[in-house]
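In what follows, a structure is listed as structure tokens, so that the remarks can point back to it.
Protein chains: 2
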Amino acid sequence: MALRIALAQINPTVGDLDGNRRMIEASLAEARPFRPDLIAFPELALSGYPPEDLLHHPPFIRDVEETLGRIAADHPGDRILLGAPIRGDDGLYNAAVLLQGGRAAHAYRKCTLPNYGVFDEKRHFRAGRLCTVYRLGRWRIAVNICEDIWAPCGVPAVQAAAGADVMLNISSSPFHAGKGREREELIRYRAWQHGVCLVYLNLVGGQDELVFDGESLVFAPDGELLARGLRFETDLLILDVDRPRSPAADPSQAPAPPPDGFVQPRHEGIEEIEDELRLEEIDLGPQDTNPPPPLPRRPPQHRIETQEAEIYGALCLGTRDYVRKNGFTDVVIGLSGGIDSALTAVIACDALGAASVHGLTMPGPYTSSTSLAGARELAGNLGISLASIPIDEALAAYRAMLDSTLREKRLGITDENLQARIRGNLLMAHSNALGWLVLTTGNKSEFAVGYCTLYGDMAGGFAVIKDVPKGLVYRLARWRNGRDGGAGPIPGDTLERPPSAELRPDQEDSDTLPPYPVLDRILEARIEREEPIERLVGAGCDPALIRKIYGWIDGNEYKRRQAPPGIKITPRAFGRDRRYPITNRYRGS
Amino acid sequence: MALRIALAQINPTVGDLDGNRRMIEASLAEARPFRPDLIAFPELALSGYPPEDLLHHPPFIRDVEETLGRIAADHPGDRILLGAPIRGDDGLYNAAVLLQGGRAAHAYRKCTLPNYGVFDEKRHFRAGRLCTVYRLGRWRIAVNICEDIWAPCGVPAVQAAAGADVMLNISSSPFHAGKGREREELIRYRAWQHGVCLVYLNLVGGQDELVFDGESLVFAPDGELLARGLRFETDLLILDVDRPRSPAADPSQAPAPPPDGFVQPRHEGIEEIEDELRLEEIDLGPQDTNPPPPLPRRPPQHRIETQEAEIYGALCLGTRDYVRKNGFTDVVIGLSGGIDSALTAVIACDALGAASVHGLTMPGPYTSSTSLAGARELAGNLGISLASIPIDEALAAYRAMLDSTLREKRLGITDENLQARIRGNLLMAHSNALGWLVLTTGNKSEFAVGYCTLYGDMAGGFAVIKDVPKGLVYRLARWRNGRDGGAGPIPGDTLERPPSAELRPDQEDSDTLPPYPVLDRILEARIEREEPIERLVGAGCDPALIRKIYGWIDGNEYKRRQAPPGIKITPRAFGRDRRYPITNRYRGS
């Protein structure tokens, strides 16, 4: 008889044990009529992922355990695999807890703990050593967690050697552009490599800087896609697995090269722990042999193919969840008439609905009428409210107040920053008075080189496009404008005119910065690939320019350290992902 | 013949390879006339500690290796043990590199990698497996690095079992209050436990949030203190070790209980790695038998005994190094007449000299004449410049500007925050115009519960007393006032009057917050000890109050994430030390 598995691709909130429990119970209720043999939830679904140092608060762990016990006791008829932190004799484990017969019957403890990039799992967890295979009737079900499946051998190899038919991996795998395809190639390859039906369940939702993009996947050992969950949305997949282990991939045979169409995954940075692993086989008893009701037919979802669509989806989900999970309903955005604030506003509207988004224009002495018109046109196109407060009165006051101490030094960059800071203050005043979250509008290129004002345009609770380089800002804006047919919400003039901060007469970004395509190329080399200057010089870039930009990046860490969080969409985002010191005199290359 | 060891307790800067090399060479030149058998430098002294993700930039590692080679080649007559990151076949190691005969002759690779609190060493390094014992003539010298010596057995036990006479530990051990005594008890205990002369070398200096406090130590196996380096200052210790291994502590014998006067160290959180370790013995050739010149007599330094003196020393060093290593000469501080800004200004003067410190008073509508007088008296006592800029003009402008959108909602907390933000803007204008670093003045109690204004009083480059709870602010102020005899710089009225933000008429902190002694007690329980509410209730605190304060702590992570860095002085500081999520609905207990 086929093995019926339900995959609950849910969107929990870190720390919200009661809310997460209710969400889990709703999935149980939804799946129950189809009588699955097993219903699985993502990695650390009960606590939310990543709970960070909340894991060090013993009452939280106690409450997790109590909630686990309650879910088990209240649902004795379900067989549940639930990601949760659990205590062992010697510390905390990242576990997949099996609830059966009204109690926590067993737990698989994650063996491969990522401790790079955004991950700090060795800070929080001890590593398991036992590779679990559950026997359920004639089925042998291997269970592992996220990073376990990324390792070239490790846990899955031990489980496959023990004759697993089905391998279930519960993950909380954060998004960056291209990660969807990478993950799909990995899962498909591992299904073939280990000769198993590979059932991959991913979390969905935003948590501070991270977006978990869902898109759970099921692959047969021959590489056939059996199921694909929704991307950037919650989902409940129920499927019948009826393919036994592939004899072709018998692990006692020498490994064959992958057939055409399989992409061998890279595994740089993945830890190898083969020597320490042992097999553990657990008998769950017989499978329920009453035939379950038939499943509704549901073809696999289509993959999101374009990079822009994928990134845009992540930005919308990350924004919606940061706003809602932190208890806000409305947001306010300073609309300058420029491309960054326009894209931010469009994302906010798609994420929250136009009624929850409020625009504020704050024209100053150097604001062009084109900019103001662009902000108004955008607000009109989006159907959001727009208020306007000129900054001149406060600017005149500051100029007068600073005259006694600074004299002519109050001009130049000081005066430019003051304009940005007055705008920051006005936005924050609306936040304080009306309870709106301020969305900041800076892009990754600006944050990288410090072309932004601390407490000015950097002020706000969430920086939606913080990890989006300027060139990609334009590509996303054009893609979004073309998405639904028609002209799209962002005015043509906003897309076409040269970018400017408008903080002094006739200012353009290109007065200070190299053209954005050149800048973005150098930034990507330094930030995402840690390339030496020589390699860029070899590729035709000006060495003095590269050196200057590398120096700007290092020299502006102090600003970024005070920036609001924003959504990671590249392989290396500022924040918890890229951790450079502020005090750092390295300017070598 | 005795073994002569030189300990260079230096203060390098992260990333400054040329500067650090020159500092190392200056120590070599200073020690050379005394012809030490070995001169040692602290953990990662060449790169600075902690270099964080700069370690992931391959050109930096290449430059480290080139600098290592240059130091070796330029000093073929010296035997040098130098902390540096080095590449192995399979990744990066935290190493003690032995330079001898003009080349890098060997390297010990740190085996015990801390990955908790402020430490992320498993993010950056692989763990070594070989426990090195060098033979130099008749001496057997064990070398290990920082965390290795904190483990109850581990590397030192393997080295002691191999007959080491002398154990040299090079460290970069960050300060918190009480750490000096804890470290001294540990080193003394380990000397007895392993029957060796234990030579402990610690880094000195500030690096972003961390202060390394120096105070290198040498203990004989019987617990006698042979040397103590300066605390919070650079030092060069040269000493002759002439005590062979203690036969009483023969590791083949059953371990004896520690004699009276030895404190058994705690080792919670220290990883146990015994199973994986192996011994490695390296012959360095004969000892130079020409008698070296006699050493000048130098009795061990006294320990700093009072907690206030110790913390104050850390705050001064941390402030001086953050300012200077980031290329600033001068700082500006908003002086309110309150205790926090007063203490910050006094620390700045002690750290940088009064000529480099600039005060700014920014009276508003609710500033009392007492406050203004206090600020003036403080500036006079310290001999720092003081300018005054009333904020009323800007406040009037904002109030008028916000009337159209906010009406009566522009009052209350919105208006209070505006006053703080105008002050933040004025300080930042002086920073922009004059190149002065703004020192912020918030204390740990405020940051913990969010009793501070983002972009207002939180604005600035460095938050000197960020990790100092309010009660300790008072104790430090009183201690400093009494330090040199006389009345001290902080006016009596500043010390005596009830704290107030002065943002509305007759405001006092106690309108919003519980009395600081109660607040600080609850904060310490939650932040430093992660205590459940029940334990505090059992100790007589009001459950509703604790719950409210626990909620404030969790609910204000978003503010702290945008706070400037400040100096860690407690076992658990906000920042890289305590990493809670912003989005976090846990409010259980």
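Residue numbers (this note's numbering), protein chains in the order written: chain A, 1 to 589; chain B, 1001 to 1589.
Don't be surprised by glycine CBs; every beta carbon is placed ideally from N, CA and C.
For residue i and residue j, what's the separation of their Cα atoms in angstroms?
i, j, result
"L237/A", "G540/A", "50 Å"
"L1503/B", "I1391/B", "12 Å"
"T583/A", "F1328/B", "12 Å"
"S388/A", "M428/A", "15 Å"
"K1025/B", "A1031/B", "The residue asked about is misnamed: residue 1025/B is Glu in this sequence, not Lys. The alpha-carbon atoms of E1025/B and A1031/B are separated by roughly 10 Å."
"A354/A", "A345/A", "9 Å"
"R324/A", "R560/A", "24 Å"
"G83/A", "N94/A", "8 Å"
"R1407/B", "L230/A", "45 Å"
"D1208/B", "N1425/B", "24 Å"
"G180/A", "E215/A", "8 Å"
"A1487/B", "F1034/B", "46 Å"
"P543/A", "N1020/B", "26 Å"
"G318/A", "N443/A", "16 Å"
"L217/A", "R1123/B", "30 Å"
"G1364/B", "E1393/B", "9 Å"
"Q562/A", "Y1558/B", "11 Å"
Answer yes or no: do residue i and residue j have a C-beta to C-beta separation smaller than 7 Å?
i, j, result
"A1463/B", "P1581/B", "no"
"E1281/B", "V1133/B", "yes"
"G91/A", "R126/A", "yes"
"I671/A", "R521/A", "Residue 671/A is absent from the structure shown; chain A starts at 1 and stops at 589."
"Y1398/B", "L1418/B", "yes"
"G1359/B", "I1339/B", "no"
"V1166/B", "C1197/B", "yes"
"V158/A", "L277/A", "yes"
"V592/A", "C111/A", "Missing from the structure shown is residue 592/A; chain A here goes from 1 to 589 and no further."
"I549/A", "I533/A", "no"
"E1530/B", "H57/A", "yes"
"H106/A", "A160/A", "no"
"T1370/B", "N1011/B", "no"
Write down the C-beta distance between residue i and residue j rounded to the nearest angstrom, noting that I regard them as a contact closer than 8 Å.
i, j, result
"F175/A", "F212/A", "7 Å"
"A1104/B", "G1077/B", "With 8 Å as the limit, A1104/B and G1077/B do not qualify as a contact, their Cβ atoms being about 16 Å apart."
"L46/A", "T67/A", "6 Å"
"T1441/B", "I1465/B", "7 Å"
"F219/A", "L210/A", "25 Å between Cβ atoms; not a contact."
Return the first residue and the last residue of the alpha helix (DSSP H) that residue i is part of.
i, result
"G1551/B", "P1543 to G1555"
"W139/A", "Counting along the chain, W139/A falls outside any alpha helix (DSSP H), though it belongs to the beta strand (DSSP E) covering W139 to I145."
"D1511/B", "D1509 to T1512"
"Q100/A", "No alpha helix (DSSP H) holds Q100/A; the beta strand (DSSP E) holding it covers G91 to Q100."
"D1235/B", "Where D1235/B is concerned, there is no enclosing alpha helix (DSSP H), although the beta strand (DSSP E) it sits in stretches over D1235 to V1241."
Where do the ends of the beta strand (DSSP E) carrying residue i lie?
i, result
"H1106/B", "R1103 to R1109"
"T361/A", "V357 to T361"
"M1023/B", "Element bounds for M1023/B: not the beta strand (DSSP E) but the alpha helix (DSSP H), L1017 to A1031."
"K1085/B", "Before going on, a small fix: residue 1085/B reads as Pro here, not Lys. Counting along the chain, the beta strand (DSSP E) containing P1085/B begins and ends at I1080 to G1088."
"R1004/B", "L1003 to Q1009"
"L1198/B", "C1197 to N1202"
"I39/A", "L38 to A40"
"A160/A", "A160/A -> not in any beta strand (DSSP E); alpha helix (DSSP H) instead, spanning G154 to A161."
"D1275/B", "No beta strand (DSSP E) holds D1275/B; DSSP gives it neither H nor E."
"F219/A", "L217 to F219"
"L437/A", "L437 to T440"
"G334/A", "V331 to G334"
"M167/A", "V166 to S171"
Is any non-hydrogen atom of the ligand HEM found closer than 6 Å to the C-beta of residue i, if you look at the structure I gave you?
i, result
"K1122/B", "Here there are no bound small molecules, and the ligand HEM is not part of this structure."
What residues from chain E crowd round residue i, counting only those whose CB sits closer than 7 Å?
i, result
"H194/A", "In the displayed structure, chain E is absent; the protein chains listed are A and B."
Quiz item: Taking one C-beta from the segment 309–316 of chain A and one from the segment 130–150 of chain A each time, how about it: are there three or more such pairs within less than 8 Å?
Solution: no
Quiz prompt | Three or more C-beta pairs below 8 Å linking the segment 1470–1484 of chain B and the segment 1447–1459 of chain B | solution = no
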